[in-house]
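Chains G and D, in that order, are what the protein sequence lines are.
Read in order, the letters of the first sequence correspond to residues 1 to 259 in the numbering used here.
Read in order, the letters of the second sequence correspond to residues 1 to 314 in the numbering used here.
Some notes on the structure that comes next.
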Amino acid sequence: MSSISEKISLRRARFDFALRMGDNGLILSHRLSQWLGRAHAIEEDIALANIALDLLGQARLWLSLAGRIEGRGRGEDALAFFRGESDFRHFALAEQPNGDFARTIMRQFLFDARQLALLEKLGESADKEFAALAAKGAKETSYHIRHSAAWMRRLGCGTAESNRRLKEAAEELLRFCGGMFCEERGEELLARRGVIPSADILRAQWQSTVEQVFAESDLPPPDAKAIDSRPSFCGHTEHLGYILAEMQSLPRLHPQAKW
Amino acid sequence: MRKKNAADAADAAFCARVAEGFVEPGDAMPDGYRATLIRQMSQHAHSEIVGMEPEGNWITRAPSLRRKAILLAKVQDEAGHGLYLYGAAETLGTTRAEMTRQLLAGEAKYSSIFNYPALTWADIGAIGWLVDGAAIINQVPLCRCSFGPYARAMQRICKEESFHQRQGFEIMLALARGEKAQREMAQNSLNRWWEPTLMMFGPPDGESRHSAQSMRWKIKLHSNDELRQRFVNMIVPQARYLKLRVPGSPKKDRRTGDYSYGPINWEEFRNVIAGNGPCNRDRLRARKKAEEDGKWVREASAAFAKKHLERRAA
């Protein structure tokens with residue numbers, strides 16, 4: 001590859017990666033914020049809102065960075081509110097509906113386990129901007145996984161009912177986890193350059209965290225083979241369209257307005 | 001007759017005690033004082049929790065990520081306020097579970113303002129600017145009320161509320177300086193929220209049931225009409241700055257400096273309190289659903305904690 005075209009693909013890959021980070025935070029934060037006032041105790045309303053706020057904060061930084069990398073004047077709001085379904089790059093897992101509290105905790109834990117592995121490695125990235133955002137996010141994510149894993153154990157080992165619900169949540173959501181390890185366009189290039197860790201490393205670390213917490217939560221171990229044999233879940237589900245319809249309606253109604 | 005004299009003497013002694021400084025949870029206090037505080041504080045806590053509904057429903061639709069983050073943090077603060085207030089009320093011998101039961105059974109009230117719908121984004125601005133503005137006027141004096149835990153909770157809450165009010169005003173300012181549709185949205189929202197906000201201070205002084213005794217006990221420091229006037233005087237100049245028209249075209253009294261307002265439809269006020277506002281049913285339904293849906297989680301949590309304790313004891 002010539003150095004100019006490699007430079008262009010590198011820029012494109014950094015843009016895509018930053019977008020993916022931003023979109024994951026934005027969409028998962030959207031889902032968590034729907035819990036406000038719905039949780040079983042006020043303390044949990046506050047906890048879920050806190051996580052939603054952290055993820056939204058991280059999303060804003062990543063989307064702003066994506067806009068700067070792209071260099072076409074798009075800021076965080078242009079990227080969040082004026083892209084359609086096919087341009088969103090988050091995992092299908094992040095957009096899955098909240099379901100009951102067990103489903104929400106399971107989704108969060110499965111996500112946190114990958115996110116923490118990623119951010120810790122990304123803190124040592126050759127890309128200084130990525131490393132700085134990752135360092136900030138890693139600290140927050142270590143609290144998120146402390147919260148989600150504690151609830152995994154509490155629900156898994158609480159009552160027969162809570163264990164049943166958590167099992168159902170695992171069955172429902174594990175099928176989307178393969179999508180967190182599909183290497184997207186440009187990611188292989190970034191991994192080769194030492195900008196991001198490879199999907200294999202993340203996959204292995206994720207598996208070990210998940211196996212450990214599943215065991216502590218009285219759940220059967222996740223079937224690694226089944227997870228990896230479902231690459232079709234690298235894309236989105238029908239839920240995304242409804243999220244965007246809700247999230248984007250007002251700015252799209254008044255596209256020139258300042259808020 | 002002797003009994004009445006003894007009660008009067010005890011009441012006078014307690015009023016003298018109140019003048020000396022904060023009453024704390026372990027101190028002796030008349031049953032009526034305790035009951036009034038539990039009613040007032042739990043009502044206040046319920047208002048914070050029910051108040052999360054109208055604003056919470058706009059988090060997923062906020063028009064910019066900055067506004068979304070601010071609103072999310074604000075609604076989270078309200079959950080925190082509910083938590084302090086339930087905690088402060090618990091020092092009087094009730095429990096959060098009992099207070100929640102009263103709310104869901106319709107035995108306890110919450111601020112009637114939250115029975116009005118947040119229809120547009122401008123309503124999020126108006127709620128911050130007007131509703132939180134009214135709450136501050138009501139609550140700042142309570143930082144000096146006679147019951148220590150309530151006064152201390154209010155000090156913290158008022159700091160956050162004044163931040164919320166400025167954020168609400170800032171939303172209105174952006175709309176007022178925005179496009180025609182945004183200005184109309186802002187004006188429409190002020191039109192709808194103005195009168196319900198004036199009602200937040202309660203019925204006119206002559207009709208207020210609990211006022212006189214509460215003022216003697218220093219759990220109410222100013223009359224309803226006094227606070228309402230203070231609010232109107234604060235808001236009218238701000239509305240003019242925003243170039244929005246306050247309903248009823250307030251006029252300034254040259255002698256007192258007070259702005260006119262009203263008349264207020266007290267029939268509507270009573271009707272909304274009685275459960276017939278636009279959103280009463282939705283608000284209570286949401287609280288009941290959270291309570292019912294969360295039952296299995298609370299049971300799991302308790303079972304897990306018990307197992308944990310047993311394991312530690314073994």
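Beta carbons: idealized from backbone N, C-alpha and C, even for Gly.
From a predicted model like this one, the values you see are computed outputs, not experimental measurements.
Alpha carbon of residue i to alpha carbon of residue j, nearest angstrom
| i | j | result |
| --- | --- | --- |
| residue 58 of chain D | residue 286 of chain D | 15 Å |
| residue 196 of chain G | residue 181 of chain D | 45 Å |
| residue 51 of chain G | residue 145 of chain G | 10 Å |
| residue 245 of chain G | residue 79 of chain G | 15 Å |
| residue 119 of chain D | residue 244 of chain D | 19 Å |
| residue 41 of chain D | residue 202 of chain D | 16 Å |
| residue 242 of chain G | residue 53 of chain G | 21 Å |
| residue 152 of chain G | residue 246 of chain D | 53 Å |
| residue 142 of chain D | residue 159 of chain D | 13 Å |
| residue 137 of chain G | residue 267 of chain D | 53 Å |
| residue 22 of chain D | residue 32 of chain D | 17 Å |
| residue 269 of chain D | residue 193 of chain D | 13 Å |
| residue 179 of chain D | residue 105 of chain G | 42 Å |
| residue 224 of chain G | residue 203 of chain G | 10 Å |
| residue 191 of chain D | residue 96 of chain D | 37 Å |
| residue 310 of chain D | residue 86 of chain G | 52 Å |
| residue 134 of chain G | residue 264 of chain D | 55 Å |
| residue 242 of chain D | residue 177 of chain D | 8 Å |
| residue 174 of chain D | residue 240 of chain D | 15 Å |
For residue i, three-class secondary structure by DSSP
| i | result |
| --- | --- |
| residue 242 of chain G | helix |
| residue 322 of chain D | No statement about residue 322 of chain D is possible, as the shown extent of chain D runs from 1 to 314 and does not include it. |
| residue 338 of chain D | No statement about residue 338 of chain D is possible, as the shown extent of chain D runs from 1 to 314 and does not include it. |
| residue 344 of chain D | Past the edges of chain D, shown from 1 to 314, lies residue 344 of chain D, and the structure says nothing about it. |
| residue 246 of chain D | coil |
| residue 23 of chain D | strand |
| residue 171 of chain G | helix |
| residue 265 of chain D | coil |
| residue 91 of chain D | coil |
| residue 163 of chain G | helix |
| residue 176 of chain G | helix |
| residue 105 of chain D | coil |
| residue 116 of chain D | coil |
| residue 195 of chain G | coil |
| residue 147 of chain G | helix |
| residue 279 of chain D | coil |
| residue 215 of chain D | helix |
| residue 110 of chain D | coil |
| residue 124 of chain G | coil |
Residues near residue i in its chain [Cβ-Cβ closer than 8 Å; skip 5 each side]
| i | result |
| --- | --- |
| residue 262 of chain D | 198 and 248 |
| residue 251 of chain G | 77, 81, 82, 257 and 259 |
| residue 226 of chain G | 174 and 175 |
| residue 55 of chain D | 71, 74, 75, 78, 118, 124 and 127 |
| residue 188 of chain D | 120 and 122 |
| residue 239 of chain G | 95, 96 and 97 |
| residue 317 of chain D | Past the edges of chain D, shown from 1 to 314, lies residue 317 of chain D, and the structure says nothing about it. |
| residue 91 of chain G | 24, 111, 176, 179 and 180 |
Contact belief for residue i with residue j at Cβ below 8 Å, rounded distance in angstroms
| i | j | result |
| --- | --- | --- |
| residue 130 of chain G | residue 122 of chain G | 6 Å |
| residue 169 of chain G | residue 213 of chain G | About 13 Å; that fails the 8 Å criterion. |
| residue 184 of chain G | residue 16 of chain G | 6 Å |
| residue 13 of chain G | residue 187 of chain G | 7 Å |
| residue 71 of chain G | residue 64 of chain G | 13 Å between Cβ atoms; not a contact. |
| residue 11 of chain D | residue 30 of chain D | 7 Å |
| residue 192 of chain G | residue 126 of chain G | Not confirmed; about 11 Å, so no contact. |
| residue 156 of chain G | residue 219 of chain G | 6 Å |
| residue 52 of chain D | residue 37 of chain G | 4 Å |
6 Å Cβ shell around residue i - same chain, five flanking residues per side excluded
| i | result |
| --- | --- |
| residue 232 of chain D | 259 and 261 |
| residue 279 of chain D | 115 and 117 |
| residue 72 of chain D | 59 |
| residue 47 of chain D | 110 and 111 |
| residue 35 of chain G | 48 |
Cut-off 7 Å between Cβ atoms - residues of its own chain near residue i, not counting five sequence neighbours on either side
| i | result |
| --- | --- |
| residue 92 of chain D | 25, 34, 37 and 38 |
| residue 50 of chain D | 110, 114, 283 and 287 |
| residue 223 of chain D | 205 and 211 |
| residue 228 of chain D | 198 and 201 |
Segment contact, 8 Å Cβ cut-off, at least three pairs: the segment 53-70 of chain D with the segment 7-15 of chain D: By the Cβ rule, the segment 53-70 of chain D does not count as touching the segment 7-15 of chain D, because fewer than three pairs are nearer than 8 Å.
Inter-stretch contact at 8 Å, needing at least 3 Cβ pairs: the segment 172-185 of chain G / the segment 149-163 of chain G: Too few Cβ pairs lie closer than 8 Å, so no.
At least 3 beta-carbon pairs within less than 8 Å: the segment 70-86 of chain D vs the segment 148-157 of chain D: yes
Touching by the beta-carbon criterion (3+ pairs, under 8 Å), the segment 9-24 of chain G and the segment 52-64 of chain G: yes
Meets three-Cβ-pair contact criterion under 8 Å: the segment 99-114 of chain G and the segment 203-223 of chain G: yes
Segment contact, 8 Å Cβ cut-off, at least three pairs: the segment 207-218 of chain D with the segment 124-132 of chain D: no
Contact between the segment 27-34 of chain G and the segment 93-104 of chain G (3+ Cβ pairs under 8 Å): yes
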